[in-house]
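Chemist:
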Amino acid sequence: MQDLTVETVTDDVLAQMATTTDPRLREVMGSLVRHLHDFARDVKLTPDEWLTAISFLTRVGQTCTPARQEFILLSDVLGLSALVNLLHDREAAELGTTSSLLGPFYRQDAPEVPLGGSIAVDGKGPELLLWGRVTDTDGHPVPGALVQLWQTNAEGWYDLQVDGGAATDMRGNVRCDAEGWFHVRTVKPLGYSIPMDGPVGALVHQQRRHGCRPAHIHFLIGAPGYRELVTALYFGDDPHIDSDTVFGVSGPLVVGAVAEDPAAPVRGIPSVRYDFQLAREAAAGGGRVGADPKQVMAAE
Ligand code: BEZ
Ligand code: FE
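Numbered according to my numbering, the sequence shown spans residues 24 to 323.
1. Count the other C-beta atoms from every protein chain shown that fall within 10 angstroms of the C-beta of isoleucine 142, then say buried if there are 16 or more, exposed otherwise.
2. Between leucine 68 and leucine 74, what straight-line distance do the alpha-carbon atoms span, to the nearest angstrom?
3. With respect to 8 angstroms, is the separation between the Cβ of proline 32 and the closest non-hydrogen atom of the ligand BEZ below this value?
4. Where does glycine 195 sit, in a helix, a strand or coil, going by DSSP?
5. Looking only at its own chain, which residues have a Cβ that is under 8 angstroms from the Cβ of isoleucine 264, when we skip the five neighbours before and after it?
6. Give me the Cα-Cα distance between aspartate 260 and leucine 172, rounded to the nearest whole angstrom.
7. Check the C-beta distance from leucine 243 over to valine 253 and give it rounded, since I have them as a contact under 8 angstroms.
8. Assuming leucine 103 is part of the alpha helix (DSSP H), what are its boundary residues?
9. For glycine 126, tell me which candidate among Val100, Thr86, Gln300 and Glu117 has the shortest Cα-Cα distance.
10. In the structure shown, what three-state DSSP assignment does phenylalanine 258 receive?
11. Give the DSSP bridge partners of glutamine 245, in chain order.
12. From the DSSP output, in three-state form, read off glycine 13 for me.
13. Cβ of aspartate 99 within 8 angstroms of any heavy atom in the ligand BEZ?
14. With serine 54 as the anchor, note down where its alpha helix (DSSP H) starts and where it stops.
15. Assign leucine 96 to buried or exposed, taking buried as 16 or more other Cβ atoms, counted over all protein chains shown, within 10 Å of its Cβ.
16. Is histidine 239 near the ligand MG, with its Cβ less than 8 angstroms from a heavy atom?
17. Within 10 Å of its beta-carbon, does serine 54 have 16 or more other beta-carbons around it, so buried, or fewer, so exposed?
18. Indicate, with yes or no, if the ligand FE has a heavy atom lying under 8 angstroms from the CB of glutamine 171.
19. Starting from the Cα of glutamate 178, find the closest Cα among Phe270, Gln300, Gly140 and Pro149 and give me that residue.
Here it is in structure tokens:
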């Protein structure tokens with residue numbers, strides 16, 4: 024038996040975990056232990072600090088419900104969700120439209136909206152037309168692609184945050200036509216704060232960060248044979264466009280509304296055209312960094 028030291032304990036743990044039969048689990052847990060131990064040595068973690076962290080993580084877990092995922096929010100504000108997205112994009116067989124976070128406000132059961140219909144049930148706020156084409160990475164249309172979109176209203180709230188989510192608003196699923204075109208009416212969303220009333224919000228406050236996301240519209244686009252695209256379009260005129268609390272913005276996803284676009288399928292309202300490119304499906308495994316919280320609760 025060897026005496027444990029600050030330097031040797033890591034190898035002892037790795038040696039004991041070497042019996043793990045699943046090779047990916049062995050790799051992931053081995054690396055996690057190495058990095059965690061290096062972190063503790065690096066900052067000379069004290070017992071009090073360790074207990075503070077345990078208590079924080081406990082509160083994060085206790086804040087999770089079928090309607091709220093505080094662990095995903097933690098991953099978001101630490102930039103881990105953004106990093107997992109970037110890693111996922113790097114593995115794609117082809118370079119399609121850049122991904123972005125799914126976020127906590129996606130719902131599986133959004134209503135179908137016909138082409139040209141509106142997702143803004145309450146309709147308050149400046150009108151906006153979203154239109155464009157879904158193609159493959161060579162520019163060939165993807166007929167019948169399903170475009171799911173969701174956003175805040177013009178006051179910066181998702182429907183789920185109003186009256187306990189009593190009414191569905193500002194979300195819908197639109198099917199592209201045979202040439203891959205879609206258009207849908209909405210109102211311009213407003214930027215908003217991430218949920219700040221839980222332990223993650225307290226951390227963000229302590230770090231003197233503003234906690235805001237710039238105005239955006241989420242998209243989840245799929246078609247058989249293509250890699251599901253999870254992304255969002257961000258409005259360049261938002262004051263937080265360069266300081267998103269959850270690191271979802273990237274240059275190719277920044278848009279601006281055009282007051283009067285002669286090419287738009289509906290005239291007389293400002294519009295945003297965006298053409299989405301889907302990569303071919305090459306490997307199994309989804310690209311959703313985020314989830315409907317009730318799915319996370321239900322997962323094994
Ligand atoms: C969102 O875009 O809906 C979102 C993403 C991460 C954290 C909070 C909100
Ligand atoms: Fe969002």
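Don't be surprised by glycine CBs; every beta carbon is placed ideally from N, CA and C.
Quick caveat, the model's predicted, so the values are computed rather than measured.
Modeler: By the coordinates alone:
1. Taking the first residue of the sequence shown as 1, we reach residue 142 at position 119. It counts as buried.
2. In the sequence shown, counting from the first residue as 1, residue 68 sits at position 45. In the sequence shown, counting from the first residue as 1, residue 74 sits at position 51. Approximately 10 angstroms, taken between the alpha carbons.
3. Mapped onto the sequence shown, residue 32 falls at position 9. Per the sequence presented here, residue 32 reads as valine, with proline not at that position. Because no heavy atom of the ligand BEZ lies under 8 angstroms away, the Cβ of valine 32 does not count as near it: no.
4. Sequence index remark: in the sequence shown, residue 195 carries index 172 (1-based). In the structure shown, glycine 195 sits in a strand (DSSP, three-state: E or B).
5. Taking the sequence shown and counting its residues from 1, the one referred to as residue 264 is at position 241. Pro237, Tyr257, Phe258, Val272 and Val277.
6. On the sequence shown, residue 260 is found 237 positions in, with the first residue counted as 1. On the sequence shown, residue 172 is found 149 positions in, with the first residue counted as 1. Taking the straight line from one Cα to the other gives about 21 angstroms.
7. Taking the first residue of the sequence shown as position 1, residue 243 is located at position 220. Taking the first residue of the sequence shown as position 1, residue 253 is located at position 230. About 5 angstroms; that satisfies the 8 angstroms criterion.
8. Counted from its first residue, the sequence shown places residue 103 at position 80. Residues 103-113.
9. The sequence position of residue 126 within the sequence shown is 103, counting from 1. Selected option, being the one with the closest Cα: Val100.
10. Here the question's residue 258 lines up with position 235 in the sequence shown. In this structure, phenylalanine 258 counts as strand in the three-state DSSP scheme.
11. Taking the first residue of the sequence shown as 1, we reach residue 245 at position 222. Reading off the sequence shown, one finds glycine at residue 245, where the question assumed glutamine. DSSP, once it has assigned bridges, lists Leu169 as partnering glycine 245.
12. There is simply no residue 13 to check, as the chain begins at 24 and stops at 323 in what is shown.
13. The residue labelled residue 99 in the question sits at position 76 within the sequence shown. Under cutoff, so the answer is yes.
14. As a working note, residue 54 is residue 31 in the sequence shown. Segment 46-66, the alpha helix (DSSP H) holding serine 54.
15. For the purposes of this step, residue 96 is taken as residue 73 along the sequence shown, with counting starting at 1. Buried is the call here.
16. Among the ligands modelled here, namely the ligand BEZ and the ligand FE, the ligand MG does not occur.
17. Along the sequence shown, read from residue 1 onward, the residue named residue 54 stands at position 31. Counting Cβ neighbours within 10 Å, serine 54 comes out exposed, since fewer than 16 surround it.
18. In the sequence shown, the residue the question calls residue 171 occupies position 148. Every heavy atom of the ligand FE is 8 angstroms or more from the Cβ of glutamine 171, so no.
19. Sequence index remark: in the sequence shown, residue 178 carries index 155 (1-based). Of the listed residues, the one whose Cα sits closest to glutamate 178 is Pro149.
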